[in-house]
Amino acid sequence: MSDRYSPKYFLSKDTNFMRKTRLKISTWSILCATFALVSLLGIGLIVLNRTVAQAAGSLPYNATANGPYTVQGNKILGKDGRQYIIHGMARDGLEYNCRGEGPLDKQTLAYMGPGNSTNGSTYWGANTIRLPLSEVFWLSGQGSTCTAAQYQALVKGTVDTITALHMNVMLDLHWVGAGRQSTNGGGQWPMPDGDSVTFWQQIATQYRGYSNVFFELYNEPVPPNWPCWQKGCQVSGTGYSNDCHCSKQLSYQAVGMQTLVDTVRKSGASNLVIVGGSNWGFDLSQLPNYPISGTNIVYDTHPYAYANKSAKYWDWAFGNLSSRYPIISAENGQYDCKEDYMSQLLPYLDSHQMGWVAWAWVVNGNVCGYPQLVTDYRGTPANSMGVYIYKSLQRYRS
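Read in the UniProt record's numbering, the sequence shown has 129 at position 129, and its numbers run on one by one without any break.
This is the structure we're talking about:
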């Protein structure tokens, strides 16, 4: 976007309205808070490091990609037949900017993966990079400054670069057109639409030979009920639309997760497919009652620091299911320059042997108003959450 902010900054995942305004803080409050922070920093870092190290120490460590992958029981297996744990981050931008947000060259992308850090650059050690995409850019480019062919070429070049760097790529259908009513990338509407079927037909056909590419079928479903999540229905929603940079209320025919799984498999692709839950991708609780049939299916939860997604709900929403189904968290994060939510979440995911992908590797100039992991594209970790995610990835290596 022209203001360099992803629309996730403006729209709440839980209410779909504008995010709450920030509190005005007096100079005296800032001084007091700073003193308290400095006083507690040493103790906090010791506790943080010990917690992350204990959780990470018992996990299988996968430094690089190891496809083709299969699902067996509740585990993802690499080509060697051993359990594979996904760890990485999302490279934000391609869903709302048809030319990408920030550089996508080989060296810049390499900082997200394995390597030896120097004074001028930091390698994070991810084995998986999530690329959020727009079906509108991919299929038509309607309302944008790019053609569909230009966008597809940029995506392919980025996928080829990341896989050549020995990392997996998670292709995420992030934005849709809501029945062609939302253009210039579209928006994050409640469910995939009819064009999503065409999108996955084309993506699956093009990337079925890429053993280290995953297909995330839809970013964050918000269906009115579980039958709709499974099989589709007529949906209505109010949300951000990139064509007007405004809020719209739209109705359209949605397709369900089963249709998209079937679409991918009919193409001949055996790549892992990732299926997000209800309630902005968080809730998988009804999965036993509304199963998705098929092979190599991985389920996905998106925990964020909201009251109805706090730690007391994790067992119910996804944790108790992790012994039956392969589950990852393909997106998670925290706002307002804090890490208290993430420092609970990642050890919980580790204890359930669930992989995770943090949101988001992008520089938008507003570290405290967005889950931003870095302050530049050389990999410098952003304070608090960024530092925590970086240290977590490093400890898997140790």
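C-beta atoms are modelled at their ideal positions from N, C-alpha and C, and glycine is treated no differently. The structure presented is a predicted model; accordingly, all values stated were derived computationally and were not measured.
Handout entry: Sequence-distant residues of the same chain with beta carbon closer than 7 Å to GLU95, five excluded per side
Key = PRO132, LEU133, SER134, HIS174, TRP175 and GLY185
Problem - ILE328 versus GLN253: straight-line alpha-carbon distance, rounded - result: 28 Å
Problem - Which of helix, strand or coil DSSP assigns to MET385 - result: helix
Exercise for the section: Rounded to whole angstroms, what's the CA-CA distance from THR70 to PHE318? Just pull it up for me. Expected result: 21 Å
Practice task
Apply the 10 Å Cβ neighbour rule to SER2 and answer buried if 16 or more other Cβ atoms are within range, or exposed otherwise.
Solution key: Model confidence at SER2 stands at a pLDDT of 34, short of 50, so the residue's coordinates are unreliable; what they give is reported in the following sentence. Result: exposed.
Practice task
Give the DSSP-derived three-state secondary structure of PRO288 in the structure shown.
Solution key: coil
Handout entry: Paired residues, beta bridge with VAL275 - DSSP
Key = TYR299
Exercise for the section: Would you kindly check if the distance between the Cβ of ASN168 and the Cβ of ALA65 is under 8 Å? Expected result: yes
Exercise for the section: Taking 8 Å as the threshold, find out whether the region 284–302 comes into contact with the region 262–276 through three or more Cβ pairs. Expected result: yes
Handout entry: Segment contact, 8 Å Cβ cut-off, at least three pairs: the region 277–284 with the region 245–252
Key = no
Practice task
Could you pull out every unbroken beta strand (DSSP E) segment of at least 3 residues lying fully inside the region 159–233, listed in chain order?
Solution key: 168–175 and 213–216
Problem - Segment limits, alpha helix (DSSP H) that includes GLN344 - result: 342–351
Practice task
Taking 8 Å as the cut-off, decide whether the C-beta atoms of TYR325 and ASN74 are in contact.
Solution key: yes
Problem - Rounded straight-line distance, which links the Cα of THR183 to that of ASP80 - result: 43 Å
Exercise for the section: With a cut-off of 8 Å on the beta carbons, I'd call THR375 and VAL367 a contact; round off their distance for me. Expected result: 7 Å
Handout entry: Alpha-carbon spacing of PRO60 relative to TYR207, whole angstroms
Key = 27 Å
Handout entry: C-alpha gap between SER241 and GLN188, whole angstroms
Key = 8 Å
Exercise for the section: Quick one: using the 10 Å Cβ neighbour count with 16 as the cut-off for buried, is GLN372 buried or exposed? Expected result: buried
Problem - Option in PRO114, GLN83, ALA110 and ARG82 with minimal Cα separation from GLN394 - result: PRO114
Practice task
Please state if the CB of ILE129 and the CB of ILE162 are separated by a distance shorter than 8 Å.
Solution key: yes
Handout entry: Cβ-Cβ distance between ARG378 and TYR111 below 8 Å
Key = yes
Problem - Continuous alpha helix (DSSP H) stretch holding LYS266: start and end - result: 257–266
Handout entry: Same chain only: Cβ atoms within 8 Å of THR51, ignoring 5 sequence neighbours per side
Key = A caution first: THR51 carries a pLDDT of 45, below 50, which makes its placement in the model unreliable, though a value can still be read off. For THR51, where only same-chain residues beyond five positions count, the Cβ hits under 8 Å are SER343 and PRO347.
Practice task
Count the other CB atoms, across all protein chains shown, that sit within 10 Å of the CB of THR263; report buried if there are 16 or more and exposed otherwise.
Solution key: buried
Handout entry: One or two residues paired with GLN372 in a DSSP bridge
Key = Paired residue(s): none; GLN372 is not in a bridge.
Practice task
Check the DSSP bridge columns for GLN72 and list the partner residues they point to.
Solution key: LYS75
Exercise for the section: With ALA110 as the anchor, note down where its beta strand (DSSP E) starts and where it stops. Expected result: Unbroken run through ALA110 is the alpha helix (DSSP H), 106–110; no beta strand (DSSP E).
Exercise for the section: Count the other C-beta atoms from every protein chain shown that fall within 10 angstroms of the C-beta of CYS246, then say buried if there are 16 or more, exposed otherwise. Expected result: exposed
Practice task
For the region 358–366 and the region 194–206, state whether three or more C-beta atom pairs, one from each stretch, are separated by less than 8 Å.
Solution key: no
Practice task
Determine the direct distance from the alpha carbon of GLU339 to that of MET385, and round the result to whole angstroms.
Solution key: 5 Å
Handout entry: Bridge partners - GLY333, DSSP secondary structure assignment
Key = TYR304
Exercise for the section: For the beta strand (DSSP E) holding THR356, just list the boundary residues, first then last. Expected result: Correcting the residue identity first, residue 356 is Trp in this sequence and not Thr. Where TRP356 is concerned, the enclosing beta strand (DSSP E) stretches over 356–358.
Handout entry: Where ASP283 falls: helix, strand or coil (DSSP)
Key = strand
Problem - Beta bridge counterpart(s) of TYR240 as assigned by DSSP - result: SER247
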